[in-house]
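Below is one structure, written out as structure tokens; the observations come after it.
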Amino acid sequence: MSGRHDTAAGIARVYRGSFVHSTRDAALEILNDFVLGVDKSGKITFIEEGKNVDRLAQEQGFNTADVENLGPGEFFMPGMVDTHIHASQYTYMGTALDLPLLQWLNTYTFPVESRYRDLKFARDVYTKVVKRTLRNGTTTACYFATIHTDASLLLGQIADDLGQRALVGKVCMDINPMVPQYKELLDESKDETLRFIRELLQKKYPRVKPVVTPRFAVSCSSSLLDALGEIARSSGLHIQSHISENKEEVELVKQLFPDCLSYTDVYLKHGLLTDKTVMAHGCHLTDEELKIFHKNGASISHCPSSNISLMSGILNVRNVQKHKVKLGLGTDVAGGYSASILDAVRRAIDTSKVLTIEHPQLRPLTFEEVFWLATLGGSEALSLDDRIGNFEVGKDFDALRVNVSVPGGPLDVFPEDVLKVIVEKFLNLGDDRNIVEVYVAGRKVVPFSGKE
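Count the sequence shown with UniProt numbering and you get residues 1 to 452, in order.
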């Protein structure tokens with residue numbers, strides 16, 4: 001692989017060593033002894049074989065003595081993309097996993113989310129979840145917040161302060177018979193969504209944007225869904241929600257929307273299924289629904305940890321791929337019990353093997369394929385693949401510097417381990433101790449500066 005482009009921004013940083021990423025043609029491309037340049041705007045200016053460093057130095061105007069060489073056991077990989085995470089549920093992550101979805105929401109989720117009218121509480125939780133996800137290598141997160149506009153704006157501010165790329169959604173819901181104190185009036189939801197979008201965009205954060213967020217069809221009236229569809233259409237914003245997570249939910253949607261042919265049809269008829277839509281779960285989507293997803297360019301966030309934890313179902317990733325539907329990974333905190341996409345990587349592989357046990361004709365996912373889902377696949381699912389997802393020239397340098405030999409780390413490597421083996425070990429055994437640096441658009445955001 002090679003490439004470079006001219007830039008007026010000037011070279012800010014040059015690295016030499018091993019790089020791994022996904023391309024359109026390869027789930028995992030290994031680049032041993034390559035040199036990569038990042039300009040002052042945070043974009044990748046060139047990536048070529050290390051033997052070309054002297055020529056590149058002359059052409060690009062940097063000093064070879066300033067090249068930063070990666071050490072033994074180190075490599076760069078693209079930042080990971082969490083396509084579905086509830087920042088507001090972080091306080092009880094790792095607990096409360098004893099109920100199926102609808103009962104779980106009523107018992108644990110809605111009472112906790114009601115607390116976010118308290119901005120002091122919101123600041124504490126949101127700061128912790130953004131820091132935790134960054135330390136675990138999530139450079140881009142698609143967040144659900146709560147129905148509270150000011151707290152949702154605060155989440156956007158915190159993500160910007162800490163340097164994370166984020167889509168932030170103020171949750172919209174005007175139906176909640178089980179926990180009636182946690183819902184909005186129809187006009188209130190529309191007006192506050194517009195205020196949220198307006199005020200967040202006015203901040204002009206470079207990498208934090210609003211996303212239109214109906215919680216799911218069960219908690220939204222047809223009138224609210226119509227309004228949100230119009231807001232999304234007129235603003236051109238991203239859309240996120242949930243779909244076909246468990247069978248009880250699917251049946252309830254059929255009762256609530258008898259004029260719609262399917263769960264997918266609900267969102268389609270309300271203008272909420274576009275090429276900027278990401279729907280979480282999709283465990284029980286039919287082939288016909290997947291065809292509609294493909295036709296409209298909508299994507300699915302695969303959340304294997306919560307699918308199992310809440311006993312919702314198992315997504316047949318091979319069938320999603322067969323229908324050419326965009327797909328990324330989500331932690332789905334707190335239905336998922338880890339804020340690390342590495343956990344989603346492992347659960348995605350495990351659940352694909354469970355499906356293969358039941359259906360031997362299916363091939364389980366490989367670690368290379370799931371690496372792709374965690375990086376380039378996630379960027380495609382969020383329609384951000386023109387900016388992030390791999391180390392193509394012209395994209396932002398969103399990257400993790402991984403050191404598998406860090407003292408006290410969770411894995412061991414041996415002299416015969418080639419880079420591909422080392423990457424596989426990191427995906428299966430590594431954790432935040434191995435992620436020694438995190439970059440978003442060329443800015444080093446981990447380790448934290450101490451000013452946050």
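Cβ atoms here follow ideal geometry from the backbone N, Cα and C, with glycine treated the same way.
Take residue i as the anchor and find which of the options has the nearest alpha-carbon.
i: Asn106; options: Asn176, Ile85 and Tyr90; result: Asn176
i: Thr213; options: Thr149, Phe257 and Val250; result: Thr149
i: Leu237; options: Trp372, Ile197, Ser221 and Val35; result: Ile197
i: Ile308; options: Glu245, Tyr116, His84 and Glu113; result: Glu245
i: Gly169; options: Met178, Leu119 and Thr83; result: Thr83
i: Cys220; options: Lys190, Tyr205 and Asp417; result: Lys190
i: Ala280; options: Thr331, Thr274 and Phe367; result: Thr331
i: Asp98; options: Asp33, Asn434 and Ala334; result: Ala334
i: Leu273; options: Glu249, His302, Gln240 and Gln361; result: Gln240
i: Ala87; options: Gly79, Gly409 and Leu167; result: Leu167
i: Lys128; options: Phe62, Leu155, Asn69 and Lys353; result: Leu155
i: Val438; options: Leu102, Asn136, Ile47 and Leu28; result: Asn136
i: Leu427; options: Asn63, Val20, Phe293 and Val14; result: Val20
i: Asp396; options: Thr45, Leu225, Asp350 and Asp265; result: Thr45
i: Pro410; options: Glu424, Arg433, Val402 and Ala399; result: Arg433
i: Glu48; options: Phe216, Ala57, Gln321 and Ser449; result: Ala57
i: Thr286; options: Lys247, Gln255, Ala145 and Leu310; result: Lys247
i: Met93; options: Ala27, Ser338, Val345 and Gly73; result: Ser338
i: Ala344; options: Glu74, Gln255, Ala27 and Glu369; result: Glu369
Between which two residues does the beta strand (DSSP E) containing residue i stretch?
i: Ser301; result: Ser299 to His302
i: Thr83; result: Met80 to His86
i: Ala166; result: Arg165 to Gly169
i: Val211; result: Val208 to Pro214
i: Ile435; result: Ile435 to Val440
i: Lys444; result: Arg443 to Val446
For the alpha helix (DSSP H) that contains residue i, what are its first and last residues?
i: Asp33; result: From DSSP, Asp33 is part of no alpha helix (DSSP H) but of the beta strand (DSSP E) over Glu29 to Asp39.
i: Tyr143; result: Not the alpha helix (DSSP H): Tyr143 falls in the beta strand (DSSP E), residues Thr138 to Phe144.
i: Ser18; result: That residue, Ser18, is in no alpha helix (DSSP H); its beta strand (DSSP E) goes Ile11 to His21.
i: Arg198; result: Leu186 to Gln202
i: Asn176; result: It is not in any alpha helix (DSSP H) - Asn176 carries neither H nor E in the DSSP assignment.
i: Val406; result: Val406 -> no alpha helix (DSSP H), and no H or E assigned at all.
i: Glu113; result: Phe110 to Glu113
i: Val354; result: Ile341 to Glu358
i: Val130; result: Leu119 to Arg135
i: Gly229; result: Ser222 to Ser235
i: Ile422; result: Leu419 to Leu429
i: Gly335; result: Counting along the chain, Gly335 falls outside any alpha helix (DSSP H), and DSSP gives it neither H nor E.
i: residue 461; result: Because the chain spans 1 through 452 in this model, residue 461 falls outside it and cannot be assessed.
i: Leu101; result: Leu101 to Trp104
Drop a sphere of 10 angstroms on the beta-carbon of residue i, count the other beta-carbons inside from all chains shown, and report buried for 16 or more, exposed for fewer.
i: His242; result: buried
i: Pro304; result: buried
i: Gly313; result: buried
i: Pro415; result: exposed
i: Asn316; result: buried
i: Arg363; result: exposed
i: His5; result: Here the model assigns His5 a pLDDT of 48, short of 50, so the residue's position is not dependable and the matter cannot be decided.
i: Lys295; result: exposed
i: Ser2; result: With a pLDDT of only 45 at Ser2, under the threshold of 50, the placement of this residue in the model should not be trusted; the figure read from the coordinates follows. The residue in question, Ser2, is exposed, as its Cβ has fewer than 16 Cβ neighbours within 10 Å.
i: Asp66; result: exposed
i: Glu249; result: buried
i: residue 463; result: Given that the chain is displayed from residue 1 to residue 452, the structure contains no residue 463 and the question cannot be resolved.
i: Val208; result: buried
i: Arg24; result: exposed
i: His302; result: buried
i: Lys353; result: exposed
i: His284; result: buried
i: Ala8; result: With a pLDDT of 47 at Ala8, under the threshold of 50, the modelled position of that residue is not reliable, and no figure is offered here.
i: Ser234; result: exposed
i: Thr95; result: exposed
i: Ile147; result: buried
Is it the case that the Cβ atoms of residue i and residue j are separated by a distance below 7 Å?
i: Thr375; j: Gly389; result: yes
i: Val53; j: Val35; result: yes
i: Phe293; j: Val253; result: no
i: Ser152; j: Lys276; result: no
i: Asp398; j: Thr139; result: yes
i: Gly297; j: Gly328; result: no
i: Ile349; j: Leu365; result: yes
i: Gly271; j: Ile300; result: no
i: Ala441; j: Gly42; result: yes
i: Phe110; j: Tyr182; result: yes
i: Glu424; j: Phe367; result: yes
i: Leu134; j: Gln164; result: yes
i: Arg215; j: Met173; result: yes
i: Asn63; j: Arg16; result: no
So with Cβ pairs under 7 Å, would you call residue i a contact of chain C?
i: Ser262; result: Protein chains in the displayed structure number just one, and chain C is not present.
What residue ranges within the stretch 45-72 form continuous alpha helix (DSSP H) runs of no fewer than 4 residues, ordered along the chain?
Qualifying alpha helix (DSSP H) stretches, in chain order: 53-60.
List in chain order: all unbroken alpha helix (DSSP H) runs of 4+ residues lying wholly within the stretch 241-327.
List check, alpha helix (DSSP H) in window: 247-256, 263-269, 287-296, 304-309 and 317-322.
Would you mind listing the beta strand (DSSP E) stretches within the stretch 366-405 that are 3+ residues and don't spill past its ends, in chain order?
The qualifying runs are 399-403.
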